[in-house]
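*Asks:* In this note's numbering, the protein residues as written are 765 to 1139. Below: one structure in structure tokens.
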């Protein structure tokens, strides 16, 4: 039987693997950074009301500019970041992955390059390659923070068209200081200016886990920096991974530019209605975030007490190790009914903060594993 290697696919896609985490039926699933708490019943009822109203008009295309949704997202960002943004600064799409794709379709593409600091969110590299954008991997220190001096040198050498900064970083959980972002932004603009590219380079700060961070949002940095973009998602803090709603904040010119590549009517009326309902319940949903932050901090403390190394985390997950064989440790935990994530970072695994009961089961499994390891 033929496989995709027998098809005339693009050369840069050969040898690649689709993105995905194992979806296994086990008692404790802590591998995909989902919010473990179901949506509260008042919100479920409100979603039903809004979707029911939207259903009456499904014979018509949805608002292609998602004006009401973007207005409410702007209000949310302004309230939680302390930096005022308006509807013209915000764009929404089907998950932050589509936001990244639209940015790369607009500012990347053939003969252009993107640079990120690995290990980081693997979709940055995958979507870059999928849009014909060359991918470059930038340097990090051993503690997974960005090596600023080496990063500036890499930017000056390679002159990328798009630079990705993930804060908090997935899979390590490390946050990025504003001073680091500013240094890399300035380096990216200077590198393109030296190349006689007057428009400069785009810098994308991926804040998918910002609500879980000890650090303030980097959103205020977009002021006066038209080439800086902050991307967000409703999958994590809002507990709406099944909704698939991502958004960005940037200069209005960026919002206008990505609309050159957006598909017509890309956000369904049902998606917009559901997201608007969720935004009405922001305070309740952010209350769950506080619970998850406390559980994340408990995981850090108890994993260290067990004897694991743990990377400082500002997200809703924890990177832990170090294991001589991380894949073997992953399988050992799976045999104990706990599914975590192996991100191919040598010696390390990642666990999502779950409910207290799920976290207890995970910690018991790690204790059992460590006892077996030391026996």
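For glycine and all other residues, C-beta sits at the position ideal for the given N, C-alpha and C.
1. Quick check on residue 902: does DSSP put it in helix, strand or coil?
2. So within the region 869-904, which uninterrupted alpha helix (DSSP H) runs reach at least 4 residues, ignoring any that extend past its ends?
3. Looking only at DSSP bridge pairs, what is residue 1116 linked to?
4. Looking at the secondary structure, which residues open and close the beta strand (DSSP E) in which residue 1024 lies?
5. Pick out the complete beta strand (DSSP E) segments inside the region 942-971, 3 residues or longer, and give them in chain order.
6. Per the DSSP calculation, residue 842 is bridged to which residue(s)?
7. So, are the CB atoms of residue 1118 and residue 984 less than 8 Å apart?
8. Using a Cβ-Cβ cutoff of less than 8 Å, which residues in the same chain neighbour residue 1055 once the five nearest sequence positions on both sides are dropped?
9. Mind the definition here: the region 862-878 touches the region 908-921 only if three or more C-beta pairs lie below 8 Å; say whether that holds.
10. Out of 938, 1075, 879, 1101, which has the shortest C-alpha to C-alpha gap to residue 1113?
11. Which of the three DSSP states, helix, strand or coil, is assigned to residue 997?
12. If you follow the beta strand (DSSP E) that residue 1010 is part of, which residue opens it and which one closes it?
13. Under a Cβ-count criterion, where at least 16 other Cβ atoms within 10 Å of its own Cβ denotes burial, should residue 1065 be classed as buried or exposed?
14. Using the C-alpha atoms, what's the distance from residue 1138 back to residue 859?
15. Buried or exposed for residue 1045, please, with buried defined as at least 16 other CB atoms from any protein chain shown within 10 angstroms of its CB.
16. Report buried or exposed for residue 924, applying the criterion of at least 16 other Cβ atoms within 10 angstroms of its Cβ.
17. Please list the terminal residues of the continuous alpha helix (DSSP H) segment that includes residue 1094.
18. Which residues mark the beginning and the end of the alpha helix (DSSP H) in which residue 920 is found?
19. Just checking my contact of residue 1071 with residue 1134 at CB under 8 Å: how many whole Å lie between their CB atoms?
20. Which residue wins for smallest C-alpha separation from residue 861, given the options 1025, 1041, 1106, 1008?
21. Going straight from the alpha carbon of residue 878 to that of residue 788, what length do you get?
22. Exposed or buried, residue 825, counting other C-beta atoms within 10 Å across all chains shown (16 or more means buried)?
*Replies:* Put simply:
1. Strand.
2. Counting whole runs of 4 or more residues, the region 869-904 contains the alpha helix (DSSP H) stretches 886-894.
3. Answer is 1081, bridged to residue 1116.
4. Here residue 1024 belongs to no beta strand (DSSP E), and DSSP marks it neither H nor E.
5. Counting only runs of 3 or more, we get 966-970.
6. When beta bridges are read from the DSSP output, residue 842 appears opposite no residue.
7. No; because the gap between Cβ atoms is not below 8 Å, this pair is not in contact.
8. Only residues of its own chain outside the window of five on either side were considered, and among them 801 have a CB closer than 8 Å to the CB of residue 1055, listed in chain order.
9. No contact exists between the region 862-878 and the region 908-921.
10. Nearest option by C-alpha distance: 1075.
11. The three-state reading of DSSP puts residue 997 in strand, counting E and B together.
12. Where residue 1010 is concerned, the enclosing beta strand (DSSP E) stretches over 1010-1013.
13. Burial call: exposed.
14. Their Cα atoms are separated by approximately 43 Å.
15. The residue in question, residue 1045, is buried, as its Cβ has 16 or more Cβ neighbours within 10 Å.
16. Under this definition residue 924 is a buried residue.
17. Residues 1090-1099.
18. That run of the alpha helix (DSSP H) goes 912-922.
19. Going by Cβ atoms, the distance from residue 1071 to residue 1134 rounds to 6 Å, so yes, they are a contact pair.
20. Comparing alpha-carbon positions, the option among 1025, 1041, 1106, 1008 lying closest to residue 861 turns out to be 1008.
21. Those two C-alpha atoms are separated by around 33 Å.
22. Result: exposed.
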